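To keep things clear, I will list the structure first and then write my remarks on it.
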Amino acid sequence: MKSFEYTIKDPTGIHARPAGMLSREGKKYKSAITVIKNGKSANILRLMALMGLGVKCGETVTVTVEGEDEDTAFEGIKAFFEANL
Amino acid sequence: MITIQGKGVSTGIGMGPLYFYRRTKAEIKTYTVTDTEAEWQRFKDAQTTAIEQLGVLADKAREEAGDEAAMLFETHQMMAEDLDYEEAIQALIQEEARNAESAVADTAAQFAEMFASMDDAYMQGRAADVKDVSQRILNILMGVVQGGINSEVPVLLAADDLAPSETIQLDKSKILGFITSYGSGSSHTAILARTMGIPAIVGLGDALDPIYEGRLVVVDGSTGTVIIEPTDEIFADFVSKREEQLRQRALLEQLKGEENITKDGKTIRVYCNIGSPEDVHAVQVNDGGGIGLFRSEFLYLNSSTYPTEDEQFEAYKSVLTQMNGKEVIIRTCDIGADKQIDYFELPKEENPAMGMRALRISLSRPGFFRTQLRALYRASAYGNLGIMFPMVTSVWEVREVKRLIEDVKHDLREEGIPYSDHVEIGIMIETPAAAVLSDRLAKEVDFFSCGTNDLTQYTLACDRQNNDLGRFYDPHHLSVVRLLKMVVENAHKNGVWVGICGELGADLEMTETFLAIGVDELSVSPRAVLPLRNKIRSIDTTETSPAILASIDSDESPKF
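Chain order of the listed sequences is A and B. Just so we're aligned: 65 in numbering that gives the first Met the number 0 is position 66 of the first sequence, and the numbers increase by one with no gaps anywhere. Just so we're aligned: 361 in numbering that gives the first Met the number 0 is position 362 of the second sequence, and the numbers increase by one with no gaps anywhere.
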């Protein structure tokens, strides 16, 4: 399992639109990708759970990646966060 | 005749028969099914249909109201196929042998509750989306067709409130205006009405009674007034108001997108003065180039306690986002003993116009001021912000403000909160002191905004509330014009631009003078933008300016 920490820079936080984009991104990989905030976690394929975390700008989340393609998925998702969130 | 009062959220005059939106409510029955696989398939089919319908609506919304409206339906699509949502329904159907309708209804309630209990207003709003999506699936399951408008003639459409999916499906050629019992200025009905250019009034409550169905109604979207069965006199009044509005629209059509340019090619920016985020609509409709004065007092006046940083931030952000990159100049709190606000606990003053007010309060209460500055800088990340400070008389005040701003920016950086590095800082020139010191003040700021109402009152020593002063209070007084000319000269020497945000800005008798002395921007009420543009485009400054400048500088009084 690989993981990274990320502080959200998008002023709106993980709202509906970025959450939807993130879910779509997650479908590219076989690995299970999870966003964790304050002990609450959500698989990124699950849009409403992801929105339910209520991640706001300036908050730090942990993202874990686990599965057969975790190296590629890790790089891909990390780049996605940096570019979009 | 019955008059009911709501909140106008889209301007315009509408008149026609009242028609209540028909919403078919089928009862959701709960029962046990024997073939759970077939029931699950029934849900899956309805879900697929819903997703297809939402795709069509997204395309339609994109055409009618732009990408933002379309995104709403795309979010609905993603919600409809969300795995947690689907699995919750699946569990109810396959494990408890429940019928698809009750499984959807229960799951919808559960997810709506999750969003409703979040501590974020935006996320709370998503509860309505979950319900809306689920209602769509339920309607498909039960074969319910939602009610359109069954009328030959266009109507004023009434409802308790309308969901986005309901408004987008309406036949727009049949609608003269919207009136609803609930809803707000940011509801989809309001946005749609503004896009369509028809009136909308919300928040009428129970006064909007279905017994008025079919009766003749007139509405005024700028005042929020709804009149049922008006008298002939009132009806005629509305007809003439509508004609005036049509004339204004014709002017708009003619001048919209045109430059504020004189015949000899001089341009001047025409911005708007607003008092609350709801006014942005009027700015857009009237083609204002930006917001030259956004009074922040509404935040304090509409509250029973100091507005929080977040409340202020949301209000500023909303205006900045709506203005979409056009400049928005927000004036910090301009409260004084003349506007009584209990929680400020301001002592009574003999002469509030010259007392503890505006920036003087802000600088005396650093905590309070800091909250506003933080909210402003946080909001700066969302658009093109300028900040201006009212009632400046000395250079030290401006320097103190700038120090506080640096502190706030430092803290935001430490906290990793984004803000813009391109916020313009300006001051109001509304005291003779500031005008006289404008050469020094110009070294401290990016722009000046002349508040001519106060500048005139202080210069002439005439209380502008006192109607008896008559001819002694001359808004075109040469002393004020000379001060303005001096301010512009001092500003331009230092690369600082100058605007006028007082009532004088919209005074068409003064436009030639402002052009002659080189004012860069006029900020006026939204309705005044187009008449002013019209005036500017009719002027040739090579013909008008020399005589005006000569007369301002002349030591000879003109003979009457």
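Glycine included, C-beta positions come from ideal geometry on N, C-alpha and C. Keep in mind the model is a prediction, meaning the values are calculated, not measured.
With distances taken Cα to Cα, identify the nearest neighbour of residue 551 of chain B among B:510, B:490, B:463 and B:516. It is B:516 whose Cα lies nearest to the Cα of residue 551 of chain B.
So for residue 16 of chain B, helix, strand or coil by DSSP? In this structure, residue 16 of chain B counts as strand in the three-state DSSP scheme.
Flag this pair as yes or no: are the beta carbons of residue 291 of chain B and residue 478 of chain B separated by less than 7 Å? In terms of Cβ geometry, residue 291 of chain B and residue 478 of chain B do not form a close pair [threshold 7 Å].
Cβ distance (whole Å) where residue 215 of chain B is taken to contact residue 232 of chain B below 8 Å: In fact, because the Cβ distance is near 14 Å, the residues do not count as touching under 8 Å.
On the criterion of 16 or more Cβ atoms from any shown chain inside 10 Å, does residue 366 of chain B qualify as buried, or is it exposed? So residue 366 of chain B counts as exposed.
Rounded C-beta distance between residue 79 of chain B and residue 132 of chain B? I'm assuming under 8 Å. So it is a contact: roughly 5 Å between Cβ atoms.
With a 10 Å radius around its C-beta and 16 neighbouring C-beta atoms as the bar for buried, classify residue 77 of chain B as buried or exposed. By the 10 Å Cβ count, residue 77 of chain B comes out buried.
Would you say residue 415 of chain B faces chain A, with C-beta separation under 7 Å as the test? Yes, residue 415 of chain B lies at the interface with chain A (some Cβ there is under 7 Å from its Cβ).
So residue 462 of chain B and residue 468 of chain B are in contact, right, with Cβ under 8 Å, and what is the actual spacing, rounded? Indeed, because the Cβ distance is near 7 Å, the residues count as touching under 8 Å.
According to DSSP, simplified to helix, strand and coil, what is residue 270 of chain B? The answer is strand: DSSP assigns residue 270 of chain B an E or B state.
Quick check: the stretch 7 to 19 of chain A against the stretch 41 to 59 of chain A, are at least 3 beta-carbon pairs closer than 8 Å? With the cut-off at 8 Å, the stretch 41 to 59 of chain A and the stretch 7 to 19 of chain A touch.
Closer than 6 Å by C-beta to residue 187 of chain B: which residues in its own chain qualify, once you throw out the five before and the five after it? Chain order, please. The beta carbon of residue 187 of chain B sits closer than 6 Å to the beta carbons of 163 and 166 from its chain, once the five residues preceding and following it are set aside; these are given in chain order.
Using 7 Å as the threshold, is the C-beta distance between residue 11 of chain B and residue 198 of chain B below it? Yes, the Cβ-Cβ distance between residue 11 of chain B and residue 198 of chain B is below 7 Å.
Does residue 49 of chain A come out as helix, strand or coil in the three-state DSSP assignment? In the structure shown, the three-state DSSP call for residue 49 of chain A is helix.
My guess is that residue 225 of chain B and residue 15 of chain B are in contact by the Cβ rule of under 8 Å, so how many angstroms apart are they, rounded? That belief does not hold up - the Cβ atoms of residue 225 of chain B and residue 15 of chain B are roughly 12 Å apart, past 8 Å.
Please go through the same chain and pick out, in chain order, the residues whose beta-carbon is closer than 7 Å to the beta-carbon of residue 35 of chain B, but skip the five residues on each side of it. Cβ within range, chain order: 92, 93 and 96.
Check the Cβ-Cβ distances between residue 81 of chain B and every residue of chain A, and say whether any is below 7 Å. Taking 7 Å as the threshold, the shortest C-beta distance from residue 81 of chain B to chain A falls below it.
My guess is that residue 5 of chain A and residue 60 of chain A are in contact by the Cβ rule of under 8 Å, so how many angstroms apart are they, rounded? The beta carbons of residue 5 of chain A and residue 60 of chain A sit about 6 Å from each other, so the pair counts as a contact at 8 Å.
Does the distance from the C-beta atom of residue 330 of chain B to that of residue 394 of chain B stay below 7 Å? No, the Cβ-Cβ distance between residue 330 of chain B and residue 394 of chain B is not below 7 Å.
What distance in whole Å lies between the Cβ atoms of residue 1 of chain A and residue 73 of chain A, which are believed to be in contact at a cut-off of 8 Å? Residue 73 of chain A to residue 1 of chain A, Cβ: 5 Å. Contact.
Of the residues B:357, B:192, B:0 and B:161, which one's Cα is nearest the Cα of residue 234 of chain B? The shortest C-alpha to C-alpha distance from residue 234 of chain B to any of B:357, B:192, B:0 and B:161 is the one to B:0.
Using 6 Å as the cut-off, classify the Cβ of residue 399 of chain B as near or not near the heavy atoms of the ligand ATP, replying yes or no. As for the ligand ATP, it is missing from this structure, which has no ligand bound.
Measuring alpha carbon to alpha carbon, tell me which residue in B:136, B:545 and B:191 is nearest residue 51 of chain B. Among B:136, B:545 and B:191, the Cα nearest to that of residue 51 of chain B belongs to B:136.
Are three or more beta carbon pairs between the stretch 379 to 389 of chain B and the stretch 406 to 414 of chain B nearer than 8 Å? Verdict: no, contact absent.
In chain A, what lies closer than 7 Å to residue 122 of chain B by C-beta? Contact annotation for residue 122 of chain B against chain A: 50 and 53 [CB-CB distance below 7 Å, chain order].
Taking only beta-carbon positions, decide if residue 322 of chain B is within less than 7 Å of chain A. No, its Cβ sits nowhere closer than 7 Å to a Cβ of chain A.
Classification of residue 238 of chain B by the beta-carbon crowding that lies within 10 angstroms, buried from 16 upward: It is exposed - the Cβ of residue 238 of chain B has fewer than 16 other Cβ atoms within 10 Å.
Would you decide whether residue 279 of chain B is buried or exposed? Buried here means 16 or more other CB atoms lie within 10 Å of its CB. Taking all protein chains shown into account, residue 279 of chain B has 16 or more neighbouring C-beta atoms within 10 Å of its C-beta and is therefore buried.
Whole angstroms is fine: what's the gap from residue 242 of chain B's alpha carbon to residue 236 of chain B's? Cα atoms of residue 242 of chain B and residue 236 of chain B: separation of roughly 10 Å, rounded to the nearest angstrom.
Are residue 31 of chain A and residue 66 of chain A closer than 7 Å when you measure CB to CB? One thing to note: residue 31 of chain A has its Cβ within 7 Å of the Cβ of residue 66 of chain A.
Proximal chain B residues relative to residue 22 of chain A, where beta-carbon distance stays under 8 Å: When 8 Å is used as the limit between beta carbons, residue 22 of chain A is near these residues of chain B: 77, in chain order.
Can you pull out the residues from the stretch 374 to 395 of chain B whose beta carbon lies closer than 7 Å to at least one beta carbon of chain A? Of all residues in the stretch 374 to 395 of chain B, the ones placed with a Cβ closer than 7 Å to any Cβ belonging to chain A are 380 and 381, in chain order.
Out of curiosity, what's the CA-to-CA distance linking residue 82 of chain A and residue 105 of chain B? So the alpha carbons of these two residues sit roughly 38 Å apart.
With DSSP as the reference, please indicate the residues paired to residue 5 of chain A in a beta bridge. Answer is A:60, bridged to residue 5 of chain A.
Assign residue 301 of chain B to buried or exposed, taking buried as 16 or more other Cβ atoms, counted over all protein chains shown, within 10 Å of its Cβ. A residue is called buried once 16 or more other Cβ atoms fall within 10 Å of its Cβ, and residue 301 of chain B, having fewer, is exposed.
Tell me the rounded alpha-carbon separation between residue 545 of chain B and residue 514 of chain B. Distance between the alpha carbons of residue 545 of chain B and residue 514 of chain B: 11 Å.
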